[in-house]
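Novice: Okay, here's the structure, questions in a sec.
Protein chains: 2
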Amino acid sequence: MPTGKLSRWDKGAERTLVSTKILEVRAVQFRHAGRGTQREFTIIHVPDWVNVIAVTPDQQVVLVKQFRFGSDDFSLELPGGMIEAGEDPVAAGVRELQEETGFGGGKVRLLGQVQPNPAIMDNHCHYVLVEGAVPSGPMDWDSDEEIEVETAPLATVLAWARSGVISHSLTIAGLMLYEGTLAR
Amino acid sequence: MPTGKLSRWDKGAERTLVSTKILEVRAVQFRHAGRGTQREFTIIHVPDWVNVIAVTPDQQVVLVKQFRFGSDDFSLELPGGMIEAGEDPVAAGVRELQEETGFGGGKVRLLGQVQPNPAIMDNHCHYVLVEGAVPSGPMDWDSDEEIEVETAPLATVLAWARSGVISHSLTIAGLMLYEGTLAR
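Which chain is which? The protein sequence lines are A and B, in order.
Residue numbers for the first sequence follow our numbering, so the first one is -15 and each next one is one higher.
Residue numbers for the second sequence follow our numbering, so the first one is -15 and each next one is one higher.
Below you can see the structure in the form of structure tokens.
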């Protein structure tokens, strides 16, 4: 990205403030390459995530509804989860789709990726497109997972993403990326 | 949201694992209302954020380019920031737009909001639309902020959001919400 007069900050020492099963909060030193000033910033280190846009042969999108602890409420989202260490994003997407919804098969490809929050997080969310997805086996939920699988017509799902029925930013961003491929 | 057989989890005691200027990580007890099982989950408590879609009289969108510490790289985004305690989202949007870009004026309204990540975060990101935004005063950056203001035609910005030039999920989601209002 061309940046004109903007200066990079050089990353220095870091220390872990807290480490949990799903994230690590770090205090990281950065030095402004132009001014030489040194500051400490908080960064959340998280594994890359994957979200899956699974479209059935009759153009229905597969969604999951589940209780979310951050919002303390139910949420309607694309299937997805954390990519395991060394795991390929496409393989992770196929795995999460199968585990959470029982859907699989079809034509699979990587659609793209976004940064969930480059200001404070260091990870990417990858989007996997599964065209022609069908029920193909048993679900396999993590302990404590409890998921309601819902399919809805693509046009309806896109409308939900624009009207607040779907409110998870990563689901919305993924649906926008997918919609962009349809318009071309 | 109708949820069929999904059970809510009841929130219990919580303790702070780490607290910084921009976030607080909490370990929160939840009890499954159906099974009665009790589990501890990690939640990131963050203030609500605001992003601004500022469109000039000649249909250019105002963007900001800046170094981001999470991604350790430059990022092209909608202007925005944290909403202060008790501050109205629209007022916060107008303030952030002025501070970061010097743009202001025009017709201002709340466009909508998303949840940045309901799985692990408890906040919302609000979107403020400013139609007819013009350069209207001095910028006022926070210490350590260094911003390049860029305007680009709306169609170009929407294409950037779909092609990875813009990769911040919250900017992408906001542009999708805005695009939805144009299509109606």
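Cβ atoms here follow ideal geometry from the backbone N, Cα and C, with glycine treated the same way.
Bear in mind that the values here come from a model prediction, so they are computed numbers and not experimental data.
Check distances from the C-beta atoms of the region 1 to 33 of chain A to those of chain B and list, in chain order, the residues that come in under 8 Å.
Specialist: Residues 1, 2, 4, 5, 6, 7, 9, 11, 12, 14, 16, 21, 23, 25, 26, 27, 28.
Novice: For residue 48 of chain B, which residues does DSSP report across the bridge?
Specialist: Note: residue 48 of chain B sits in a beta bridge opposite B:61, B:133.
Novice: Give, in chain order, every unbroken run of the alpha helix (DSSP H) that is at least 4 residues long and sits entirely within the region 69 to 127 of chain B.
Specialist: As far as the region 69 to 127 of chain B is concerned, its whole alpha helix (DSSP H) runs of at least 4 residues are 73 to 85.
Novice: Among B:-8, B:5, B:44, which has the Cα closest to the Cα of residue 20 of chain B?
Specialist: Measuring from the Cα of residue 20 of chain B, the nearest candidate turns out to be B:-8.
Novice: Taking only three categories from DSSP, how would you classify residue 11 of chain A?
Specialist: Residue state, collapsed to three classes: strand.
Novice: If you drop the 5 nearest sequence neighbours on each side, which residues of the same chain put their C-beta closer than 6 Å to that of residue 165 of chain B?
Specialist: Hits under 6 Å: none found.
Novice: My guess is that residue 89 of chain B and residue 118 of chain B are in contact by the Cβ rule of under 8 Å, so how many angstroms apart are they, rounded?
Specialist: Right, the Cβ-Cβ distance comes to about 5 Å (below 8 Å), so this counts as a contact.
Novice: Taking C-alpha atoms, which residue in B:156, B:162, B:163, B:161 lies nearest to residue 161 of chain A?
Specialist: Ranking the options by Cα distance to residue 161 of chain A, first place goes to B:156.
Novice: Would you report the Cα separation of residue 66 of chain B and residue 163 of chain A, rounded to the nearest angstrom?
Specialist: Residue 66 of chain B and residue 163 of chain A: Cα-Cα distance of roughly 30 Å.
Novice: Distance cutoff 8 Å, beta carbons only. Does residue 132 of chain A sit that close to anything in chain B?
Specialist: It does: the Cβ of residue 132 of chain A has a partner Cβ on chain B nearer than 8 Å.
Novice: Three-state secondary structure (DSSP) at residue 28 of chain B?
Specialist: Here residue 28 of chain B sits in strand by DSSP.
Novice: Reducing DSSP to helix, strand and coil, say where residue 3 of chain B ends up.
Specialist: Strand.
Novice: Any idea if residue 0 of chain A is buried or exposed, counting beta-carbon neighbours within 10 angstroms, 16 or more meaning buried?
Specialist: Result: exposed.
Novice: Skipping 5 residues on each side, what residues in its chain have a beta carbon closer than 7 Å to that of residue 94 of chain A?
Specialist: Once the five neighbours on either side are set aside, the close Cβ partners of residue 94 of chain A are 73, 74, 110, 112.
Novice: Kindly indicate which residue of B:44, B:28, B:56 has the alpha-carbon position closest to the one of residue 11 of chain B.
Specialist: Of the listed residues, the one whose Cα sits closest to residue 11 of chain B is B:28.
Novice: Closest to residue 46 of chain B by CA distance: which of B:87, B:122, B:107, B:58 is it?
Specialist: Nearest of B:87, B:122, B:107, B:58 to residue 46 of chain B, Cα basis: B:87.
Novice: Whose C-beta lies closer than 6 Å to the C-beta of residue 24 of chain B among residues of the same chain, with five residues either side of it excluded?
Specialist: Excluding positions up to five away in sequence, the list reads 11, 13.
Novice: Is residue 134 of chain A near residue 49 of chain A, with beta carbons less than 8 Å apart?
Specialist: Yes, Cβ-Cβ distance for residue 134 of chain A and residue 49 of chain A is below 8 Å.
Novice: Against chain B, does residue 98 of chain A count as a neighbour if the rule is that its beta carbon must be under 8 Å from one of theirs?
Specialist: So, interface residue.
Novice: Less than 8 Å between CB atoms is the rule here; does residue 44 of chain A satisfy it with respect to chain B?
Specialist: Chain B contact via Cβ: absent.
Novice: Verify the CB distance criterion: does residue 37 of chain B have a CB-CB separation below 8 Å to chain A?
Specialist: Closer than 8 Å: no.
Novice: How long is the line joining the alpha carbons of residue 37 of chain A and residue 143 of chain A, rounded to whole angstroms?
Specialist: So the two alpha carbons sit approximately 15 Å from each other.
Novice: Any C-beta of chain A within less than 7 Å: which residues of the region 118 to 129 of chain B qualify?
Specialist: So the close ones are 128.
Novice: Assign residue 150 of chain A to one of two classes, buried (16 or more other C-beta atoms within 10 Å of its C-beta) or exposed (fewer than that).
Specialist: Classification of residue 150 of chain A: buried, given that the 10 Å Cβ count is 16 or more.
Novice: Closer than 7 Å between beta carbons: that is the criterion. Which residues of the region 149 to 166 of chain A meet it against chain B?
Specialist: Those would be 151, 152, 153, 154, 156, 157, 160, 161, 164, in chain order.
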